[in-house]
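Have a look at the structure below before the remarks.
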Ligand SMILES: [Zn+2]
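In this note's numbering, the protein residues as written are 2 to 334.
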């Protein structure tokens with residue numbers, strides 16, 4: 002069904018979003034220096050369960066995004082054994098100041114979006130001011146995965162690495178450079194380990210990339226070893242009030258601490274070897290090999306040239322001698 006037909010007649014503006022004003026009351030003083038966001042009209046697109054808020058003129062953006070989400074989200078719901086709430090608000094700010102206005106608390110610059118499960122909202126940066134080569138549909142699916150994980154765990158909260166790792170796995174997000182970042186960290190013996198991922202919101206871009214890469218790798222490793230049923234059971238147990246450690250042990254049969262240190266050890270070994278297959282490394286090895294081959298070829302050419310000169314000189318010497326000999330006998334005559 003076309004978005005144009007379903008588009009709500011009412012237009013909402015950021016000015017009218019007083020609910021946010023209350024939520025952000027504690028932040029207004031520090032944000033006042035940033036100035037109010039562009040108060041351009043945000044259109045509301047009601048496509049249940051999604052309500053999109055978007056200020057752009059191109060309705061195809063919403064139509065395309067909605068189509069993609071309807072492909073991705075049912076699979077995510079199936080894998081997690083839970084469903085999105087009946088209404089999810091997807092806010093798509095076009096500028097950084099709008100994003101900051103719409104998101105509670107301090108959100109690092111490298112974040113592509115924010116999920117606020119208690120309010121059934123997600124805020125996702127549009128490619129207009131967030132260009133990290135991740136499609137808008139994947140960024141949005143990532144934030145919706147957080148809503149689903151929260152629903153599956155009854156809002157009790159999972160470890161940060163679990164949340165970020167599975168949000169990436171479920172949304173199909175795979176950022177360029179993850180493997181090389183893991184490889185470089187493993188080679189330098191500087192993988193951070195999963196508990197440290199908890200502090201990701203205070204990390205620099207480089208640290209955050211490593212934290213996300215480790216979360217993704219750990220979630221994938223957990224899945225490869227135990228499968229979705231065990232993951233669903235962990236979520237269910239946490240949702241029923243169990244601590245994560247206990248849910249992990251009872252679902253997988255392995256102590257969380259043991260699995261965690263085994264994973265770190267295996268990641269250390271695996272990605273250290275991967276460093277030698279890393280694109281940057283391959284380019285450098287290729288350059289070094291090319292340089293070595295060039296040096297050898299030049300050496301052989303010079304050697305051949307030198308030998309040629311030696312041979313020519315050797316040929317000329319007897320001729321000179323016979324020539325001189327001939328001249329001498331001619332004089333005698
Ligand atoms: Zn996330």
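The beta carbon of each residue, even a glycine, is placed where N, CA and C say it ideally should be.
Computed from a prediction, not measured in an experiment: that's the story for all the values here.
Proximity to residue i [Cα-Cα], best of the options
i	options	result
residue 50	91, 76, 64	91
residue 62	273, 115, 127	127
residue 346	245, 265, 120	Residue 346 lies beyond the residue range present for the chain, which begins at 2 and ends at 334; the question has no answer from this structure.
residue 196	163, 231, 80, 189	163
residue 274	184, 243, 214	184
residue 77	93, 96, 135, 144	144
residue 58	310, 45, 154	45
residue 198	233, 209, 189	209
residue 115	140, 200, 219	140
residue 245	223, 201, 160	160
residue 228	287, 80, 97	80
Neighbour-count burial assignment, residue i, 16 or more Cβ in a 10 Å radius
i	result
residue 1	The requested residue 1 is not part of the displayed model; the chain covers only 2 to 334.
residue 109	exposed
residue 132	exposed
residue 267	exposed
residue 314	exposed
residue 154	buried
residue 261	buried
residue 103	buried
residue 174	buried
residue 201	buried
residue 290	exposed
Rounded distance between the beta-carbons of residue j and residue i, thought under 8 Å
i	j	result
residue 156	residue 118	7 Å
residue 89	residue 172	Going by Cβ atoms, the distance from residue 89 to residue 172 rounds to 15 Å, so no, they are not a contact pair.
residue 217	residue 178	Incorrect: roughly 12 Å between the Cβ atoms, too far for contact.
residue 60	residue 43	That pair is no contact at about 13 Å.
residue 214	residue 235	With a Cβ gap of about 22 Å, residue 214 and residue 235 do not count as contacting.
residue 129	residue 95	5 Å
residue 138	residue 66	6 Å
residue 231	residue 253	5 Å
residue 192	residue 270	In fact, because the Cβ distance is near 11 Å, the residues do not count as touching under 8 Å.
residue 168	residue 189	The pair is not a contact, with the Cβ atoms about 27 Å apart (cut-off 8 Å).
Same chain only: Cβ atoms within 8 Å of residue i, ignoring 5 sequence neighbours per side
i	result
residue 250	256, 257
residue 86	50, 121, 148, 152
residue 221	166, 170
residue 241	155
Cβ shell of residue i (< 7 Å), same chain only, five flanking positions each side left out
i	result
residue 206	111
residue 204	212
Contact set for residue i: own chain, Cβ-Cβ below 6 Å, skip 5 residues either direction
i	result
residue 294	none
residue 142	73, 172
residue 272	183, 184, 187
Original post:
Taking the runs of the beta strand (DSSP E) that are 3 residues or longer, which of them lie wholly in the stretch 67–111?
Top reply: Counting only runs of 3 or more, we get 89–93.
Subject >> Runs of alpha helix (DSSP H) lying entirely within the stretch 140–195, each at least 4 residues, in chain order >> reply: 161–172, 179–188
Original post:
Can you list the alpha helix (DSSP H) stretches of 4 or more residues lying completely in the stretch 181–265, in chain order?
Top reply: Here the runs fully enclosed are 206–227, 229–240, 245–253.
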